[in-house]
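J.: With the numbering used here applied, the sequence shown corresponds to residues 461 to 743, in that order. Don't be surprised by glycine CBs; every beta carbon is placed ideally from N, CA and C.
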Amino acid sequence: MIKKLLYIFITIVFTSCVNKFGFDEDEFQERLVVEGYIEEGEYPIVMLTTNKPLGTESSVETVKDMIIRWAKVVVSDGETEDILIGRIDENYFPPFIYKGTKIKGEAGKTYQLKVIYAQYELTAQTTIPPSVPIDNIYCNDAPENDSLYQIHIDFNDPAEQKNYYKIYTQVLHKNKKFVPALGGNLNDNLFNGQQVSIKINQGIEQLPAENIHTDFYKEDTVRVKLCTVPKEGFEFWKGYENEIVNGQNPLTPANKNLKSNIQGGGIGIWCGYGKSIYYIRYK
């Protein structure tokens, strides 16, 4: 699953590396890895693990051993504090999350995250940008495969602000959750204030994968989610996607740190998401 890929990758990218990768393994420092987010209309969710040196054997069981289960995780909007509850959730990997019960995300609001565990006290801050609606969603036959179809969306980029986007897809009979679309991290450098038309690539849950199609089978019912994200979220996820692509090429190993907004000795991302969600099915 994409979460499995994320956690195996992130525990590698945010560490020093063993000698065969050109780094001194003695420089490795154990740190907490945070992936947390709060979506418009939803309770916050945070996942916590520790990192490991590059060269450590990665498997489902070793990644599960990295889970932090006994942290105190608090989200605040400046008025209300929400102490998140740790729970097993098999929809995620690793299958353990901290989820709120009091605060739901609102566009324009700023949210503080605090994580307390052992000697660590981590903090981060994020804002949920105003959502941008999808004005039109439509499909057409894939040009080289008559069993597939393509999805396109149109939306208007607000001219009065800098905007960053992240796109997700969910094939209802296949994906339990939304999956980040391939090439779905965008900013408005090239289309500020304009109407935008984008072809949506299907998200891939598991890599490496065989017979990857960026288009959709004609029997697929698909949900498309257009998210607005703050700058720090865009920079993190764009860097992550670039490193995943480069990491598939032995000439460009993934050995560069990603940008993180986690303060206090941790690494990772705490991100707010505005969102617009639409369904489509080929007819």
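Does the region 491-505 come within contact of the region 546-560, defined as at least 3 CB pairs closer than 8 Å?
T.: yes
J.: Find the nearest neighbour of residue 731 within the set 633, 529, 720, 740, judged by alpha-carbon distance.
T.: 720
J.: Going by DSSP, what residues sit across from residue 607 in a beta bridge?
T.: Looking at the DSSP output, residue 607 bridges to nothing.
J.: Given this structure, state the Cα-to-Cα distance separating residue 510 from residue 557, to the nearest angstrom.
T.: 14 Å
J.: Between which residues of its own chain and residue 673 is the CB-CB distance below 7 Å, once the five residues before and five after are set aside?
T.: 608, 662
J.: Please state if the CB of residue 682 and the CB of residue 615 are separated by a distance shorter than 8 Å.
T.: no
J.: Going by beta carbon distance, what residues of the same chain come within less than 6 Å of residue 576, once the five residues before and after it are set aside?
T.: 532
J.: Following the continuous beta strand (DSSP E) through residue 491, name the residue where it begins and the one where it ends.
T.: No beta strand (DSSP E) contains residue 491, which DSSP labels as neither H nor E.
J.: For residue 690 and residue 587, which I take to be in contact (beta-carbon distance under 8 Å), what is that distance rounded to the nearest angstrom?
T.: Residue 587 and residue 690 do touch by the CB rule: their CB atoms are close to 5 Å apart, below 8 Å.
J.: Could you tell me which residues DSSP pairs with residue 686 in its beta bridges?
T.: 627, 736
J.: Kindly indicate which three-state DSSP category residue 577 falls into: helix, strand or coil?
T.: Residue 577: strand per DSSP, three-state reduction.
J.: Here's a check: name, in chain order, each residue in its chain whose Cβ is nearer than 8 Å to the Cβ of residue 585, leaving out the five neighbours to either side.
T.: 570, 571, 572, 573, 721, 730
J.: Could you check where the beta strand (DSSP E) with residue 558 kicks off and where it finishes?
T.: 556-559
J.: Using 10 angstroms around the beta-carbon of residue 578, count the other beta-carbons present and answer buried if the total reaches 16, otherwise exposed.
T.: Residue 578 is exposed by the Cβ-count criterion.
J.: Could you tell me which residues DSSP puts in a beta bridge with residue 677?
T.: 608
J.: Identify the continuous beta strand (DSSP E) that holds residue 724 and give its terminal residues.
T.: First-last for residue 724: undefined, no H or E at that position.
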